[in-house]
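J.: The structure follows.
There are 4 protein chains.
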Amino acid sequence: MDFSLSPAQLELQQRTRRFIAEEVIPLERDERNTRHGPSEGLRDELIAMARRHHLVTPHASVERGGLGLSHVDKAIVFEEAGYSPLGPVALNIHAPDEGNVHLLEVVATDAQKERWLQPLIDGRLRSCFCMTEPAPGSGSDPSMLQTTAVPDGDDYIITGRKWFITGATGASFAIIMARMEDGTASMFLADMDQPAIVVERQIDALDSCFTGGHGVVRFDGLRVPASDVLGGIGEGFRYAQVRLAPARLTHCMRWQGGARRAHDVAADYARQRHAFGQPLIAHEGVGFMLADNEMDLHSARLAIWHCAWVLDQGGKGRHESSLAKVFCSEAQWRTVDRSVQVLGASGVSDETIVGRIFRDMRAFRVYDGPSEVHRWSMAKRIARG
Amino acid sequence: MDFSLSPAQLELQQRTRRFIAEEVIPLERDERNTRHGPSEGLRDELIAMARRHHLVTPHASVERGGLGLSHVDKAIVFEEAGYSPLGPVALNIHAPDEGNVHLLEVVATDAQKERWLQPLIDGRLRSCFCMTEPAPGSGSDPSMLQTTAVPDGDDYIITGRKWFITGATGASFAIIMARMEDGTASMFLADMDQPAIVVERQIDALDSCFTGGHGVVRFDGLRVPASDVLGGIGEGFRYAQVRLAPARLTHCMRWQGGARRAHDVAADYARQRHAFGQPLIAHEGVGFMLADNEMDLHSARLAIWHCAWVLDQGGKGRHESSLAKVFCSEAQWRTVDRSVQVLGASGVSDETIVGRIFRDMRAFRVYDGPSEVHRWSMAKRIARG
Amino acid sequence: MDFSLSPAQLELQQRTRRFIAEEVIPLERDERNTRHGPSEGLRDELIAMARRHHLVTPHASVERGGLGLSHVDKAIVFEEAGYSPLGPVALNIHAPDEGNVHLLEVVATDAQKERWLQPLIDGRLRSCFCMTEPAPGSGSDPSMLQTTAVPDGDDYIITGRKWFITGATGASFAIIMARMEDGTASMFLADMDQPAIVVERQIDALDSCFTGGHGVVRFDGLRVPASDVLGGIGEGFRYAQVRLAPARLTHCMRWQGGARRAHDVAADYARQRHAFGQPLIAHEGVGFMLADNEMDLHSARLAIWHCAWVLDQGGKGRHESSLAKVFCSEAQWRTVDRSVQVLGASGVSDETIVGRIFRDMRAFRVYDGPSEVHRWSMAKRIARG
Amino acid sequence: MDFSLSPAQLELQQRTRRFIAEEVIPLERDERNTRHGPSEGLRDELIAMARRHHLVTPHASVERGGLGLSHVDKAIVFEEAGYSPLGPVALNIHAPDEGNVHLLEVVATDAQKERWLQPLIDGRLRSCFCMTEPAPGSGSDPSMLQTTAVPDGDDYIITGRKWFITGATGASFAIIMARMEDGTASMFLADMDQPAIVVERQIDALDSCFTGGHGVVRFDGLRVPASDVLGGIGEGFRYAQVRLAPARLTHCMRWQGGARRAHDVAADYARQRHAFGQPLIAHEGVGFMLADNEMDLHSARLAIWHCAWVLDQGGKGRHESSLAKVFCSEAQWRTVDRSVQVLGASGVSDETIVGRIFRDMRAFRVYDGPSEVHRWSMAKRIARG
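Chains as they are written, first to last, in UniProt numbering: chain A, 1 to 385; chain B, 1 to 385; chain C, 1 to 385; chain D, 1 to 385.
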């Protein structure tokens with residue numbers, strides 16, 4: 001058993017930390033931060049900055065220009081990146097691109113990789129992942145998928161509507177999940193600039209950390225050639241799992257940074273702000289909240305590291321990633337909520353970054369499987385003994 | 001002991017409920033709802049609508065045009081109004097005007113009442129209450145007040161800076177809390193359209209339910225004549241208490257409506273949305289959250305009613321109102337947070353009103369005394385035995 | 001709306017409070033307190049003491065010797081009695097006799113009342129209520145009832161096994177719930193001193209506040225004549241509800257006293273015990289726990305009063321009593337658990353009464369419907385809209 | 001980073017697990033389990049059994065007959081031992097002997113080691129650690145120490161009273177903490193069979209897992225020669241820290257086993273017991289509790305492993321051990337409390353082992369520093385930045 005970081009991991013951690021502190025955080029109040037996320041221009045600038053530090057798309061394979069990070073490596077780097085809401089944008093490791101890179105590396109053909117994966121890794125374009133549907137379609141329960149893909153000669157015709165599609169506005173291509181006649185699902189690749197793909201609107205979400213925000217996307221009989229099927233027909237649900245277990249863990253990693261930031265800001269404030277004759281932090285009522293933050297942050301980090309290690313050992317980590325997802329999303333949320341409380345008026349506003357983290361993070365208890373669905377999955381595994 | 005509502009209370013409850021449902025809720029998506037609250041125009045329209053139902057400023061005395069509501073009456077009406085974020089605006093019972101009306105009725109001179117109270121009750125203008133200061137000034141700890149009032153002949157010269165002044169932008173007059181040379185505090189009335197009063201900026205707060213938002217206000221040697229002192233010189237801290245105990249309870253009342261709304265929206269959704277073969281609500285994981293909502297809502301309402309009754313009996317209700325404030329702000333928050341969770345994607349966005357209630361309500365655990373300060377006050381009373 | 005107590009209620013409250021303080025609490029360390037509850041001798045002595053204050057079986061009708069208390073009256077008196085673990089024994093208002101008195105008053109024939117109810121009210125004997133069965137029988141789910149009642153001429157033959165039968169050892173008679181051939185259930189009255197009734201053993205439970213403890217009872221073909229059927233054949237499940245809604249509320253009332261006692265003991269200790277330079281209670285970490293106790297106690301009391309009032313108005317109170325049961329059992333438990341924590345070493349032992357209350361109270365979250373079953377019931381009502 | 005166990009650790013884990021399952025658990029219902037812990041005879045038998053598996057005092061150095069376990073090794077073995085309340089007795093790793101072995105190995109002279117440490121490691125006798133005092137003495141705040149040691153020639157005369165001295169009854173020797181005239185503290189070794197040492201009584205504590213229970217011990221002018229001073233005069237507070245950081249972590253380890261046991265028993269029950277048409281575990285209300293148990297158990301184990309690794313690296317681990325102590329004592333408690341709830345009637349009694357674990361474990365949130373003191377310590381470290 002060994003909890004130490006290797007020299008290479010330490011170097012990467014420190015490099016990322018410095019980059020975020022010195023170059024990214026100063027841009028947090030840039031006007032190009034919109035309610036639907038950092039603008040494309042701000043994103044391009046951030047990626048260019050990260051490139052100078054060799055930190056762009058670090059989880060991609062070395063062959064394709066990444067650093068070939070292991071899951072544990074990612075745990076370390078992504079936490080540092082997440083310390084700023086702009087960090088994951090700068091490193092090109094935000095949802096959904098981060099998970100799409102992983103999925104394409106595992107499943108795509110060489111031709112597909114050249115066409116879509118390589119520019120994605122290079123940070124030259126963005127992608128989206130079209131799975132979630134409005135009621136009565138597929139939300140927490142993937143079996144309720146309503147978007148259909150119907151064979152037509154060598155092509156497939158895709159019809160349906162998706163929502164909360166992160167980054168849809170401005171994405172260059174989409175991975176689309178659709179239902180086959182036999183009840184299985186398949187994934188399809190498609191460029192977004194086609195008349196049969198309509199981004200109906202952007203949703204006003206609590207968060208504002210994803211470039212392009214979240215869109216409602218309609219497929220009006222989109223024609224997809226067989227060559228653009230991602231992996232095998234009928235394998236969609238299986239690939240969704242390939243993507244989801246690591247993807248939900250990388251959310252934990254990034255938000256770990258966000259929660260740590262909130263705690264640091266709150267602790268600084270509590271050291272400096274006085275009330276009733278002493279610094280806030282000397283009041284047990286405040287100090288205990290900060291101690292609880294440290295317990296939550298420490299426990300969440302250990303859960304992430306452990307699950308990442310399981311994945312690095314070749315495990316599927318379905319139980320571990322469910323557990324980590326619920327635990328982290330709740331522990332990190334408690335941390336941010338307490339930080340807001342410690343900050344008082346400053347916390348419930350944009351006077352500090354914490355109010356933004358608060359808005360940005362709430363959805364994490366919902367996406368990639370709400371806490372309730374993961375608890376249910378865990379219970380079913382326990383039931384099997 | 002009797003938990004029943006009188007026929008008059010029931011009539012008022014139903015009238016307000018219908019008004020909110022039929023006339024106010026349809027305006028919730030009106031474009032005049034801005035990040036800094038409903039616009040003045042929207043506010044005027046809402047008040048005009050409420051006037052047609054004889055529901056404007058109902059807590060004011062009958063002589064001045066209100067309904068002379070008791071505290072228990074207010075508990076009933078304000079909850080109904082709070083069912084929409086626009087309801088308290090329509091009824092002219094929102095902070096800070098609601099509390100200012102109460103304070104002026106108790107403390108102001110007849111001349112002051114004619115000049116400032118009457119148009120406030122009539123809904124013709126708005127006011128603000130300038131107490132909170134940025135660090136190192138007065139936040140949770142009122143004794144840290146830094147804004148000064150220095151006698152100059154028959155006048156007072158006020159210098160200092162306040163922040164999180166709700167409704168400052170657009171307010172016609174202010175009640176200003178300032179420190180005297182002897183360490184006591186006094187309250188002053190002043191029209192806002194004076195060069196010595198500068199609203200430096202509006203703060204980007206999580207909430208957007210107060211007309212005018214929250215401002216930073218600077219007093220650059222503001223000259224106030226003796227006739228505009230509110231009550232006696234040196235009585236400021238005592239008057240703050242006169243205002244605060246009922247004011248914090250009316251927050252509980254209004255947010256009770258907001259929390260109930262969130263629960264109703266979530267319960268409706270859970271009845272209709274299916275997942276894993278049955279309606280969401282048939283899943284215990286969801287149903288239990290809604291049951292917990294009912295427990296929190298019921299307990300919070302009883303705490304409000306009880307404290308209101310204590311005030312109606314002539315009690316100061318300092319302990320009861322502290323208790324109700326902490327309990328309600330936390331129970332109502334839990335209710336809204338669970339409602340967000342039940343709604344999933346819809347909850348973490350503006351697809352329903354719940355996302356807005358979530359943003360609007362977070363600050364309630366902070367303002368009018370954060371939970372920690374009230375717990376401390378309660379502990380000190382317990383310590384005295 | 002009115003939260004005041006009538007003069008008669010105040011007198012009864014004070015009389016009970018004094019009686020508990022002066023006569024009952026001194027017996028808490030009497031050696032006749034055994035792990036299976038106060039001995040019969042101690043019980044007799046306590047009842048004799050209460051009789052001198054006209055406080056025995058106060059919930060029984062005036063005609064039969066009680067005080068004819070309303071539900072709200074009971075809320076007041078039972079809380080005072082519960083302030084000592086021996087109080088409910090002294091007043092003859094403990095489970096299961098308290099609920100059995102209520103059930104018999106509503107359902108029994110005159111002859112049954114003379115034979116069984118009157119001596120029960122007089123405190124001359126004890127009873128038990130035989131419903132719960134070990135797996136795979138009837139626990140939380142009453143429909144799993146396995147004990148059978150088979151007609152045999154004018155009689156019924158009862159066969160089966162029950163457990164956690166409070167007060168079985170030493171009880172003079174039992175009310176037995178058994179299943180009919182058509183799947184309905186019936187209730188039967190039977191004297192315990194019959195060879196066909198065997199108390200197999202006493203269970204070592206966490207609590208030790210019920211005289212006779214909790215027993216395992218076997219019915220070996222017990223013959224019951226038709227005249228000893230309680231109410232109508234096939235009405236058992238309905239009568240169980242008649243008994244349960246008020247019975248679960250009286251548990252709330254009694255434990256309200258217990259939780260208040262724990263809090264009082266902890267607060268006294270925290271005022272006197274010093275650590276780190278000041279009384280414990282001056283530490284926010286301790287003071288906040290006591291403030292939380294007050295919030296829980298206050299909220300639980302209001303939930304009890306409200307539900308009692310609903311029952312007094314003639315309501316069935318199924319939703320209100322479910323809500324009150326979950327809320328109180330959890331809020332009172334939190335109060336006792338915090339009191340233990342404040343007391344430290346003294347709390348986790350019998351150095352004060354709090355350790356005993358802790359052991360006695362844990363089962364309340366389980367019996368008369370565990371929290372999970374009540375949350376489920378509430379959710380089903382919400383689902384119906 | 002590496003979360004794997006070495007082959008030697010796996011072998012030790014499995015050997016201990018089998019021993020507990022096959023030989024120790026069958027003795028859990030032995031009549032020699034008393035309210036003041038396993039009897040001396042039962043303890044001797046258990047140690048003899050463990051000796052056959054080479055598992056006695058495994059944390060002692062190899063030279064003195066132990067296995068020389070690292071802290072991480074201990075984390076693995078002690079969790080397995082803690083799976084039964086009798087396991088730590090069998091392995092001779094229970095408080096206070098386990099910590100005393102550690103302290104004596106670090107601080108004692110060779111002569112002291114021969115006389116007291118060796119037989120303690122051999123399991124031939126027991127010891128106690130006399131630090132805690134009743135009010136107004138030293139509880140959570142060690143500076144309030146009242147027991148005095150006054151020099152008298154080459155000897156010291158010790159006078160004072162201690163309580164909650166685990167294992168005092170039946171212990172062969174004591175380590176005594178006493179205050180010097182200059183306000184420092186020292187530790188002294190003394191055989192218990194001296195007239196000047198009086199075990200006044202045994203305390204009726206919630207737990208019953210420590211042989212000898214918890215005693216009140218009085219020192220009536222006990223004369224201790226200079227040769228029996230443990231370490232240097234005036235170094236008592238420093239040695240207390242030497243003992244406490246690892247000692248509090250070994251509590252976490254042992255109770256980790258207890259909590260896992262409770263969860264396993266509850267999960268088994270929930271798989272087999274049916275209600276409302278399906279196994280309990282298929283009800284989300286139950287399944288979610290078991291999922292929460294897994295999250296708590298997993299997080300607590302990781303916190304233990306991490307802190308043990310820090311200690312193995314030579315760190316003092318004061319922050320980590322405070323954090324682990326609070327986190328584990330609360331997470332393990334939640335696990336046991338939920339297990340009780342899942343078990344229902346069986347849980348609130350001795351029908352399963354879980355009721356006993358519930359009683360045994362509550363004090364862990366109090367001893368070796370209550371949660372509040374550790375949170376305070378953590379807050380003070382955060383305050384220093």
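Here a beta-carbon is modelled for each residue, glycine too, at the ideal position from N, C-alpha and C.
Suppose you measure from the CA of Glu-284/C to the CA of Trp-376/D; what does that come to, to the nearest Å?
T.: Taking the third sequence and counting its residues from 1, the one referred to as residue 284/C is at position 284. Taking the fourth sequence and counting its residues from 1, the one referred to as residue 376/D is at position 376. C-alpha separation (whole angstroms): 10 Å.
J.: If you run the structure through DSSP and keep just helix, strand and coil, what is Phe-276/A?
T.: The count along the first sequence starts at 1 and reaches residue 276/A at position 276. Looking at Phe-276/A - three-state DSSP - the assignment turns out to be coil, as it is neither helix nor strand.
J.: Looking at the C-beta of Ser-299/B, does it have a partner C-beta in chain C at a distance below 7 Å?
T.: Position 299 of the second sequence holds residue 299/B. By this cut-off, Ser-299/B is an interface position.
J.: What does Glu-31/B reach in chain D if we use C-beta pairs closer than 7 Å?
T.: Here residue 31/B refers to the residue found at position 31 when the second sequence is read from its first residue. For Glu-31/B, there are no C-beta contacts with chain D under 7 Å, since the nearest C-beta of that chain is about 42 Å from it.
J.: Are the region 82-94 of chain B and the region 324-343 of chain B in contact at 8 Å, needing three or more beta carbon pairs?
T.: no
J.: Is it true that the region 52-67 of chain A meets the region 231-238 of chain A, where meeting means three or more beta-carbon pairs spaced less than 8 Å apart?
T.: no
J.: In this structure, what does DSSP give as the bridge partners for Leu-55/B?
T.: The residue given as residue 55/B occupies position 55 in the second sequence. The partner list for Leu-55/B (beta bridge, DSSP) is empty, contrary to what the question assumes.
J.: Bridge partners of Ser-127/D, per DSSP?
T.: Residue mapping note: residue 127/D aligns to position 127 of the fourth sequence, counting from 1. The partner list for Ser-127/D (beta bridge, DSSP) reads Phe-173/D.
J.: Taking only runs of the alpha helix (DSSP H) that begin and end inside the region 61-123 of chain B, which ones reach a length of at least 4 residues, in chain order?
T.: Fully enclosed alpha helix (DSSP H) runs of 4 or longer: 71-81, 87-90, 97-107 and 118-121.
J.: Please go through the same chain and pick out, in chain order, the residues whose beta-carbon is closer than 8 Å to the beta-carbon of Ala-363/B, but skip the five residues on each side of it.
T.: Walking along the second sequence from the start, residue 363/B turns up at place 363. Ala-205, Leu-206 and Asp-207.
J.: Cβ of His-283/B less than 7 Å from any chain D Cβ?
T.: Taking the second sequence and counting its residues from 1, one reaches residue 283/B at position 283. Yes, because at least one Cβ of chain D sits closer than 7 Å to the Cβ of His-283/B.
J.: Looking at the structure shown, is Leu-249/A part of a helix, part of a strand, or coil, going by DSSP?
T.: Reading the first sequence from its first residue, position 249 is the one you call residue 249/A. Of the three classes helix, strand and coil, the one that applies to Leu-249/A here is helix, per DSSP.
J.: Please look up how many angstroms separate the CB atoms of Thr-147/A and Ala-178/A, rounded, as I've assumed it's under 8 Å.
T.: Translated into the one-based positions of the first sequence, residue 147/A becomes position 147. Translated into the one-based positions of the first sequence, residue 178/A becomes position 178. The Cβ separation is near 5 Å, so the contact holds.
J.: In chain B, which residues lie with their C-beta within 7 Å of the C-beta of Phe-288/D?
T.: Sequence index remark: in the fourth sequence, residue 288/D carries index 288 (1-based). Per Cβ cutoff of 7 Å: Gly-285.
J.: Helix, strand or coil for Ala-185/D? Go by DSSP, reduced to three states.
T.: Counted from its first residue, the fourth sequence places residue 185/D at position 185. Strand, per DSSP.
J.: Listed from N- to C-terminal order along the chain, which residues in the UniProt domain "Acyl-CoA oxidase/dehydrogenase middle" (128-203) of chain A have their beta-carbon within a distance smaller than 9 Å of any beta-carbon of chain B?
T.: Thr-132, Pro-134, Ala-135, Pro-136, Gly-139, Ser-140, Asp-141, Ser-143, Met-144, Trp-163, Phe-164 and Ile-203
J.: Could you tell me which of Thr-109/B, Pro-136/B, Phe-219/B and Leu-120/B sits nearest to Ala-149/B, measuring between CA atoms?
T.: Stepping through the second sequence from its first residue, residue 149/B is reached at position 149. For Ala-149/B, the nearest C-alpha among the options comes from Phe-219/B.
J.: By DSSP's criteria, Ile-158/D is part of a beta bridge. Which residues make up the other side?
T.: Here residue 158/D corresponds to residue number 158 of the fourth sequence, with the count starting at 1. Looking at the DSSP assignment, Ile-158/D forms a beta bridge with Ala-149/D and Leu-222/D.
J.: Flag Val-89/D as yes if its beta-carbon sits less than 7 Å from any beta-carbon of chain C, otherwise no.
T.: Sequence index remark: in the fourth sequence, residue 89/D carries index 89 (1-based). Answer no: the Cβ-Cβ gap between Val-89/D and chain C never drops below 7 Å.
J.: Using the DSSP secondary-structure output, state which residues sit across from Gln-202/C in a beta bridge.
T.: Numbered from its first residue, the third sequence carries residue 202/C at position 202. In DSSP, Gln-202/C forms a bridge with Gly-215/C.
J.: Assign Ala-259/A to buried or exposed, taking buried as 16 or more other Cβ atoms, counted over all protein chains shown, within 10 Å of its Cβ.
T.: Counting from 1 along the first sequence, the entry for residue 259/A is found at position 259. Classification for Ala-259/A: buried.
J.: If you pair each beta-carbon of the region 104-115 of chain C with each one of the region 271-289 of chain C, do three or more pairs fall below 8 Å?
T.: no
J.: Quick check: the Cα distance between Ser-4/B and Val-340/D, rounded to an integer number of angstroms?
T.: Within the second sequence, numbered from 1, the residue matching residue 4/B stands at position 4. Within the fourth sequence, numbered from 1, the residue matching residue 340/D stands at position 340. Going by the C-alpha atoms only, they are around 39 Å apart.
J.: Please report how far the alpha carbon of Gly-119/C lies from the alpha carbon of Leu-125/C, in whole angstroms.
T.: Taking the third sequence and counting its residues from 1, the one referred to as residue 119/C is at position 119. Taking the third sequence and counting its residues from 1, the one referred to as residue 125/C is at position 125. The sequence given here places Pro at residue 119/C; Gly does not occur at that position. Roughly 6 Å between the two C-alpha positions.
J.: Beta-carbon within less than 7 Å of Thr-16/C's beta-carbon, same chain only, minus the 5 sequence neighbours each way: which residues are those?
T.: In the third sequence, residue 16/C corresponds to position 16, counting from 1. Answer for Thr-16/C: Leu-55, Val-77, Glu-80 and Ala-81, listed in chain order.
J.: Could you work out which residues of chain C lie near Arg-334/D, taking near to mean beta carbons separated by less than 7 Å?
T.: Reading the fourth sequence from its first residue, position 334 is the one you call residue 334/D. Result: empty, since nearest Cβ-Cβ is about 11 Å, beyond 7 Å.
J.: List, in order along the chain, the chain C residues whose C-beta lies closer than 8 Å to that of Leu-5/B?
T.: Here residue 5/B corresponds to residue number 5 of the second sequence, with the count starting at 1. Residues of chain C whose Cβ lies closer than 8 Å to the Cβ of Leu-5/B are, in chain order, Met-1.
J.: Counting along the chain, where does the alpha helix (DSSP H) carrying residue 390/C start and finish?
T.: Here chain C comprises residues numbered 1 to 385, so residue 390/C is not present and cannot be evaluated.
J.: Can you tell me which of the three DSSP states Pro-38/C falls into?
T.: Your numbering for residue 38/C matches position 38 in the third sequence. Strand.
J.: Quick check on this structure: which residue in Leu-189/A, Phe-164/A, Ile-158/A and Thr-166/A has the alpha carbon closest to the alpha carbon of Phe-173/A?
T.: Numbered from its first residue, the first sequence carries residue 173/A at position 173. Comparing Cα positions, the closest option is Leu-189/A.
J.: Suppose contacts are defined by Cβ-Cβ distances below 7 Å. Is Leu-86/C in contact with Leu-12/C by that definition?
T.: In the third sequence, residue 86/C corresponds to position 86, counting from 1. In the third sequence, residue 12/C corresponds to position 12, counting from 1. No, the Cβ-Cβ distance between Leu-86/C and Leu-12/C is not below 7 Å.
J.: In this structure, does DSSP put Asp-228/D in helix, strand or coil?
T.: In the fourth sequence, counting from the first residue as 1, residue 228/D sits at position 228. Correct three-state label for Asp-228/D: helix.
J.: Quick check on Val-62/A: buried or exposed, where buried means 16 or more other Cβ atoms within 10 Å of its Cβ?
T.: As a first step, residue 62/A must be located in the first sequence, where it is residue number 62. Under this definition Val-62/A is an exposed residue.
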